[in-house]
Amino acid sequence: MIKRPEEVALMAESGRLLASVFERLDRTSLIGLSTLQIDEMVEHMIVRDLQARPASKGQYGYGFVLNCSINEVVCHGVPSRSQVLQDGDIVNLDITLEKNGYIADSSKTYLIGNVDPTARKLVRVTYEAMWKGIRSVRPGARLGDIGSAIQRHATLNGYSVVREYCGHGIGRQMHEEPQVLHFGRPGTGLVLREGMVFTIEPMLNQGAPHVRTEADGWTVVTKDGALSAQFEHTVAVTASGFSVLTLRTDELGMVDSR
Numbered sequence: 001m002i003k004r005p006e007e008v009a010l011m012a013e014s015g016r017l018l019a020s021v022f023e024r025l026d027r028t029s030l031i032g033l034s035t036l037q038i039d040e041m042v043e044h045m046i047v048r049d050l051q052a053r054p055a056s057k058g059q060y061g062y063g064f065v066l067n068c069s070i071n072e073v074v075c076h077g078v079p080s081r082s083q084v085l086q087d088g089d090i091v092n093l094d095i096t097l098e099k100n101g102y103i104a105d106s107s108k109t110y111l112i113g114n115v116d117p118t119a120r121k122l123v124r125v126t127y128e129a130m131w132k133g134i135r136s137v138r139p140g141a142r143l144g145d146i147g148s149a150i151q152r153h154a155t156l157n158g159y160s161v162v163r164e165y166c167g168h169g170i171g172r173q174m175h176e177e178p179q180v181l182h183f184g185r186p187g188t189g190l191v192l193r194e195g196m197v198f199t200i201e202p203m204l205n206q207g208a209p210h211v212r213t214e215a216d217g218w219t220v221v222t223k224d225g226a227l228s229a230q231f232e233h234t235v236a237v238t239a240s241g242f243s244v245l246t247l248r249t250d251e252l253g254m255v256d257s258r
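Structure representation (structure tokens):
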């Protein structure tokens, strides 16, 4: 689970490139695009522009570069030519990138057009919850501290935390140890050490936490049809705290404000 400094540096380069993909998406009007068009756009960015590899394509037999999870879709939404982003949607785009043999993983929930205030609040609180978890990271802290911080913020705002899916160690492989739960008790779980690299990626639901997988075997939705949102970053444990390897330039203040 412990990465050498030179490995973390390579992962940071993958993270920087992945952040640049999201920064380009931030400047793109997504309304009216099909989720397959977005997938094709991102593949072009990663492969042709960045000379990197979309790590999700082919992983576990998955045929696309990213997951597009709209509204009540919790995660693993499959891109489709017929699925077009409409005014008022929220959509999570989950993207991975490999460069020089190391993988970075990140996701962001986008607001499409005129989004209802209740949906906007869910997205905002989910982003805040992710950062509550990130700011718990430091040598000597425990995995339960991360989950507890996320769960507390979600609960205080009236949301539930999806329990079936969690963050994970990452490096040369997409999924490594440890598993990073988004709920838990402070002071419990694995002790964090400098050189660990993992994702923190909470999924918060407006309604109950229960989910189900649709017939395609990939798409996970809320059982009650309520909205769900997610954010994700790849995080390294440093000597003094943490480093967000997939940090976007618009988020620099989030690190400074801890």
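In terms of the UniProt record's numbering, the sequence shown opens at residue 1 and continues consecutively.
Backbone N, C-alpha and C define an ideal beta-carbon position, used for all residues, glycine too.
Beta-bridge pairing by DSSP links residue 179 to 168. With at least 16 other beta carbons inside 10 angstroms of its own, residue 232 counts as buried.
Residue 2 and residue 145 have their C-alpha atoms spaced approximately 19 Å apart. Here the alpha carbons of residue 131 and residue 169 stand approximately 18 Å from one another. For residue 51, the closest of 59, 58, 42 by C-alpha to C-alpha distance is 42. Beta-bridge partners assigned by DSSP to residue 53: 98.
Contact between residue 107 and residue 13 is absent: CB atoms are separated by about 19 Å, not below the 8 Å threshold.
Residue 161 sits in a strand when the DSSP states are folded into three classes. In the DSSP assignment, residue 199 falls within the beta strand (DSSP E) that extends over 197-200.
Using a Cβ distance threshold of 8 Å, residue 150 and residue 175 do not count as a contacting pair. Note that the C-beta distance between residue 36 and residue 79 is below 8 Å. Of the other Cβ atoms in all chains shown, fewer than 16 fall within 10 Å of the Cβ of residue 173; this residue is therefore exposed.
Judged by DSSP secondary structure, residue 204 falls within the beta strand (DSSP E) whose first and last residues are 203-205. Residue 70 and residue 133 have their C-alpha atoms some 24 Å from each other. Between the C-alpha atoms of residue 11 and residue 194 there is a straight-line separation of about 15 Å.
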